[in-house]
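A.B. asks: Counting along the sequence shown from 1, when you hit position 123 you're at 105 in this note's numbering, and nothing is skipped either side.
Glycine included, each C-beta is placed from N, C-alpha and C at the ideal position.
Structure in structure tokens, see below.
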Amino acid sequence: MNRGTTIRALAATALIGLSAMAASPARAADDPDVIFKKSTVWKMLTPDDKLVTYAIDDPGVEGVACYFTAPERGGVKGMLGVAEEVSDVSLACRQVGPIRIKEKFEQGTVVFRQSRSLFFKKMQIVRGCDEKRNVLVYLVYSDRVIEGSPKNSTSAVPMMPWGATADVAKCADFVSR
-17 MNRGTTIRAL
-7 AATALIGLSA
3 MAASPARAAD
13 DPDVIFKKST
23 VWKMLTPDDK
33 LVTYAIDDPG
43 VEGVACYFTA
53 PERGGVKGML
63 GVAEEVSDVS
73 LACRQVGPIR
83 IKEKFEQGTV
93 VFRQSRSLFF
103 KKMQIVRGCD
113 EKRNVLVYLV
123 YSDRVIEGSP
133 KNSTSAVPMM
143 PWGATADVAK
153 CADFVSR
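Structure, rendered in structure tokens:
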């Protein structure tokens, strides 16, 4: 084996090791909760392609949770964590308790971000405020360094009273100008 082949083999091994660590089941505090998974393509010796439904709580707004479903590739690339995921993600955000906005935010504030490929593609959920209707608006989309994706999904959460509380905040009071 010559020196060039050895260096390429070491680089490939390091890349596979880093991918496996990135794909490991260890969770960060802000990782989404997996609600369930559903296989869509059966693979004999490697993981299946599947749809995975997740839940996240909006870190800036108490009382709002967002649910999104994203495809995850199986096969060898998916198993090694090097598959580029497609941009098809659906989104539904709901009021799950009294809404309390924690601080002012800009239109399009990032609520959640997740890598969808080894290097350049990420999926983001961003939040805005429809001031006229007093509604929080959430958008999920994916982007790349070079070229984004027009695939997206939008969800809206009206700011409504919860339980015996009649007070309803106005999201417009929290939008940075």
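Can you tell me which of 12, 113, 117, 54 puts its alpha carbon nearest to the alpha carbon of residue 38?
C.D. replies: Among 12, 113, 117, 54, the Cα nearest to that of residue 38 is on 12.
A.B. asks: Please determine, among 86, 70, 51, 35, the residue with the shortest C-alpha to C-alpha distance to residue 158.
C.D. replies: Checked all of 86, 70, 51, 35; the closest Cα to residue 158 is 86.
A.B. asks: If we define contact as Cβ-Cβ less than 8 Å, is residue 113 a contact residue for chain B?
C.D. replies: Among the protein chains of the structure shown there is no chain B, as only one such chain exists.
A.B. asks: Using the rule of at least 16 other Cβ atoms within 10 Å of the residue's Cβ for burial, across every protein chain shown, is residue 137 buried or exposed?
C.D. replies: Classification of residue 137: buried, given that the 10 Å Cβ count is 16 or more.
A.B. asks: Between residue 111 and residue 119, what straight-line distance do the alpha-carbon atoms span, to the nearest angstrom?
C.D. replies: In a straight line, the C-alpha of residue 111 is about 6 Å away from that of residue 119.
A.B. asks: Just curious, the beta strand (DSSP E) that residue 48 is in, first and last residue?
C.D. replies: Start and end: 43 to 54.
A.B. asks: Which residues bound the beta strand (DSSP E) around residue 159?
C.D. replies: Per DSSP, residue 159 belongs to no beta strand (DSSP E) and is neither H nor E.
A.B. asks: Per the DSSP calculation, residue 134 is bridged to which residue(s)?
C.D. replies: In the DSSP output, where bridge partners are listed per residue, residue 134 has 123.
A.B. asks: Label residue 15 either buried or exposed according to how many other C-beta atoms from any shown protein chain fall within 10 Å of its C-beta, with 16 as the threshold for buried.
C.D. replies: Counting Cβ neighbours within 10 Å, residue 15 comes out exposed, since fewer than 16 surround it.
A.B. asks: With residue 89 as the anchor, note down where its beta strand (DSSP E) starts and where it stops.
C.D. replies: Looking at the DSSP string, residue 89 is not in any beta strand (DSSP E), and its letter there is neither H nor E.
A.B. asks: On the DSSP bridge list, what partners appear for residue 112?
C.D. replies: 117, per the DSSP bridge assignment.
A.B. asks: According to DSSP, is residue 154 part of a helix, a strand, or is it coil?
C.D. replies: Helix, per DSSP.
A.B. asks: From the DSSP output, which residues share a beta bridge with residue 140?
C.D. replies: Paired residue(s): 117.
A.B. asks: Report the rounded CA-to-CA distance for residue 83 versus residue 50, giving the unit in angstroms.
C.D. replies: Computed Cα separation, rounded: 21 Å.
A.B. asks: Within 10 Å of its beta-carbon, does residue 152 have 16 or more other beta-carbons around it, so buried, or fewer, so exposed?
C.D. replies: Counting Cβ neighbours within 10 Å, residue 152 comes out exposed, since fewer than 16 surround it.
A.B. asks: Which class does residue 84 belong to by DSSP, given the choice of helix, strand or coil?
C.D. replies: Reduced to three states, the DSSP call for residue 84 is coil.
A.B. asks: For residue 105, does the count of other Cβ atoms within 10 angstroms reach 16, so buried, or fall short, so exposed?
C.D. replies: So residue 105 ends up on the buried side.
A.B. asks: For my contact list, residue 71 and residue 21 are in at a C-beta cut-off of 8 Å; report their separation, rounded to the angstrom.
C.D. replies: In fact, because the Cβ distance is near 18 Å, the residues do not count as touching under 8 Å.
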